[in-house]
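J.: What follows is a single structure, and I will ask about it in a moment.
Numbering (our numbering), first residue to last: 16 to 168.
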């Protein structure tokens, strides 16, 4: 399976992290029928938030794009732990939240970090519907949060 999602991640120089433990009363992902709903993922690595603050004031848009990619990688870990990445048929919907400084309007570019990763890993099946939303605050003062819905076999 040299062209599967795990191989694509390896080609990108990425490795799935451990599933990020929930920071409140929820589970990382849940399957209902043919869909997996992934809870909002923060840019966590090894139990630590990679950055805090607002995009456009202390966190650059480029840094936030990288953080959104990390959120997506964490979402992939949650999917893999629940059903296996090889069972993903389609990335259906991505919702990205960007803690935005006043006047920052580059949310779509930030969330491209997550969208681009799903495209690189799943190809055409990684193209999805999407919302990129600017918000005042996110949990733990994270700059970015990403949630995703995927269809599975």
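Note that beta-carbon positions come from the ideal geometry of N, C-alpha and C, so glycine has one too. Please read these numbers as outputs of a predicted model, since none were measured by experiment.
Examine the Cβ distances between the stretch 132-145 and the stretch 35-45 and report whether three or more of them are shorter than 8 Å.
T.: No, the stretch 132-145 is not in contact with the stretch 35-45.
J.: May I have the straight-line CA-CA distance separating residue 105 from residue 78, to the nearest angstrom?
T.: Taking the straight line joining both Cα atoms gives about 27 Å.
J.: If distances are taken between C-alpha atoms only, which option among 153, 109 and 148 comes closest to residue 51?
T.: Of 153, 109 and 148, the residue nearest in Cα terms is 109.
J.: So is residue 123 buried or exposed if we call it buried at 16+ other beta carbons inside 10 Å?
T.: By the 10 Å Cβ count, residue 123 comes out exposed.
J.: With a threshold of 7 Å on Cβ separation, who are the neighbours of residue 70 within its own chain once the five nearest residues in sequence on each side are excluded?
T.: These residues qualify, in order along the chain: 76, 79, 113, 114, 115, 116, 119, 125 and 158.
J.: With distance defined between alpha-carbon atoms, name the residue in 59, 60 and 45 nearest to residue 53.
T.: That would be 45, whose Cα lies nearest to the Cα of residue 53.
J.: Once you ignore the five residues that flank residue 94 on each side, which residues in its own chain have a CB closer than 7 Å to its CB?
T.: 44, 51, 53, 100, 103 and 165.
J.: In terms of residues, what are the limits of the alpha helix (DSSP H) holding residue 96?
T.: Note, residue 96: alpha helix (DSSP H), 76-97.
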